[in-house]
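Undergrad: After the structure tokens below, expect a handful of questions from me.
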Amino acid sequence: MAVVLAGTLVPLPSAQNIGPGITINVANDTFTVSTAGRYYITYQVNLTGGLLLGSRLLINGTANVASTITPVLTLSSFNNDVILTLAAGSTISLQLFGILAVATLINNGAGAAVTIIRLS
């Protein structure tokens, strides 16, 4: 996928285990929660080679600072987790940003993942 400075959403595998109250759009890059509450959200990105780029979650289209990884050296794996209070209808996306480059995800479903668990 082509990554641009401002950011590129990461498409996720189409074979997903999505519980009630969470949906994903047709492009497989944006989740929507139907119920307000506190959520544990974790993400992983695994690239075939190291790049000097960042990763983060977007909540309702805005970068979540606590989930942001901005390395000073090249990385090929990124992961982070946060607990957030979300309103009903909130959207969650995973984004790579900060470089003009082509990032290649590892094949076989291990390239990128997002886990969303409603805590309360």
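When we follow the working numbering, the leftmost residue of the sequence shown carries the number -16, and every step to the right adds one.
Beta carbons are placed, not taken as given, at the ideal position from N, Cα and C, and that holds for glycine.
Source: prediction; values computed, not measured.
(1) Would you give the residue range spanned by the beta strand (DSSP E) that Ala96 belongs to?
(2) Leaving out five residues on either side along the sequence, give the residues of the same chain with a beta carbon under 6 Å from the beta carbon of Thr98.
(3) Determine contact between the segment 79 to 86 and the segment -4 to 7, defined as no fewer than three beta-carbon pairs at a distance below 8 Å.
(4) Rounded to the nearest angstrom, how far is the Cβ of Phe80 from that of Leu36, given a contact under 8 Å?
(5) Please classify Leu102: is it buried, with 16 or more other beta-carbons within 10 angstroms of its beta-carbon, or exposed?
(6) Hey, Leu40 and Ile75 are a contact pair by Cβ (cut 8 Å); roughly how many whole angstroms apart?
(7) Report the residue from Thr18, Ala70, Ala10 and Gly20 whose alpha carbon sits nearest the alpha carbon of Gly(-9).
(8) For the beta strand (DSSP E) holding Asp64, just list the boundary residues, first then last.
(9) Among the residues of its own chain, which have a CB less than 7 Å from the CB of Ala49, if the five just before and after it don't count?
(10) Can you tell me where the beta strand (DSSP E) holding Ser17 begins and where it ends?
(11) Is Ala49 helix, strand or coil when you go by DSSP?
(12) Could you please give me the residues that DSSP links to Ile7 through a beta bridge?
(13) Is it buried or exposed, Ser(-3), if we count other Cβ atoms within 10 angstroms and call 16 or more buried?
TA: Put simply:
(1) Ala95 to Arg101
(2) Thr25
(3) no
(4) 7 Å
(5) exposed
(6) 6 Å
(7) A small correction: the amino acid at residue -9 is Thr; Gly does not occupy that position in the sequence shown. Ranking the options by Cα distance to Thr(-9), first place goes to Ala10.
(8) Leu58 to Leu69
(9) Val65
(10) Segment: none, Ser17 is in no beta strand (DSSP E) and carries neither H nor E.
(11) helix
(12) Phe14
(13) exposed
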